[in-house]
Amino acid sequence: MSVSAAGRRGGGRLKGASLVVGGAVLFAAGLFIVATGTGLSGLLGMRVETFGRIDCQETRPKKGQTVWHCFGETPAQQRANEAERKRVADEVLRVHVDGMPERARIGRTRISFADHDGRNDPETITATQLTEGGRWFAHSSTIVGYGMIPLLLGAGTAAWGGYRVREAGRRGR
């Protein structure tokens with residue numbers, strides 16, 4: 103056996119192994135994105151919350167379209183916002199004594215990739231927050247679709263790498 107044949111065989115294993123590792127990384131990234139889009143991210147320890155009072159501020163969404171940015175309120179935000187509105191309303195009654203009250207501070211959360219029916223904003227949206235204080239991503243079919251790309255590409259790449267490793271091992275016998 104020549105030195106170049108041995109080098110090619112070892113190179114085939116190395117290339118195959120790198121394809122397996124790269125495919126596994128792509129697969130894991132795709133799985134993470136799919137888990138975020140389906141709501142299974144709660145099992146991974148991420149924060150999942152259901153929002154109400156949704157306002158997507160989109161002028162022309164088509165039926166079944168994903169809207170990039172919406173705003174919603176968690177149940178805790180809804181309670182705090184109601185209390186703030188009540189506080190301002192009570193102070194308005196005393197405006198002749200205390201002067202004009204400050205405006206109500208309403209807390210709303212920005213949510214990305216919300217499915218929209220094309221006519222009305224959704225009643226509720228369940229979303230996942232990837233990092234503490236980070237952006238919220240709605241559980242949506244669009245995110246699942248985007249996640250399937252690296253998931254399938256990673257599975258195929260890892261399988262091809264495994265095949266190359268196996269073939270390089272067979273040629274080495």
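First residue of the sequence shown: 103, per my numbering; consecutive thereafter.
Idealized CB from N, CA, C, for every residue including glycine.
Secondary structure of S242 (DSSP, three-state): coil. Its chain contains L128, A131, G132 as the residues whose beta carbon lies nearer than 6 Å to that of P252, once the 5 sequence neighbours on both sides are disregarded; these appear in chain order. Here G174 is bridged, per DSSP, to T211.
When the five nearest sequence neighbours on each side are left out, the beta carbons in the same chain lying within less than 8 Å of the beta carbon of E234 are those of R149, in order along the chain. Residue state for D223 is assigned as coil, using DSSP reduced to three classes.
When the Cα atoms are used, N222 and G125 turn out to be separated by approximately 41 Å. The three-state secondary structure of T228, taken from DSSP, is strand. DSSP places Q167 in the strand class (E or B) of the three-state scheme. Note on E175: 16 or more other CB atoms within 10 angstroms of its CB, so buried under the neighbour-count rule. Apart from sequence neighbours up to five positions away, the residues of its chain that approach P224 with a beta-carbon distance below 6 Å are I156, ordered along the chain.
With respect to the C-alpha of F153, the residue from P203, G139, G220, T230 having the closest C-alpha is T230. With contacts defined as CB atoms closer than 9 Å, A216 and I208 fail to qualify as a contacting pair. In terms of CA proximity to V136, V246 leads the group V246, A270, G271.
Only buried fits S143, as 16 or more other CB atoms lie within 10 angstroms of its CB.
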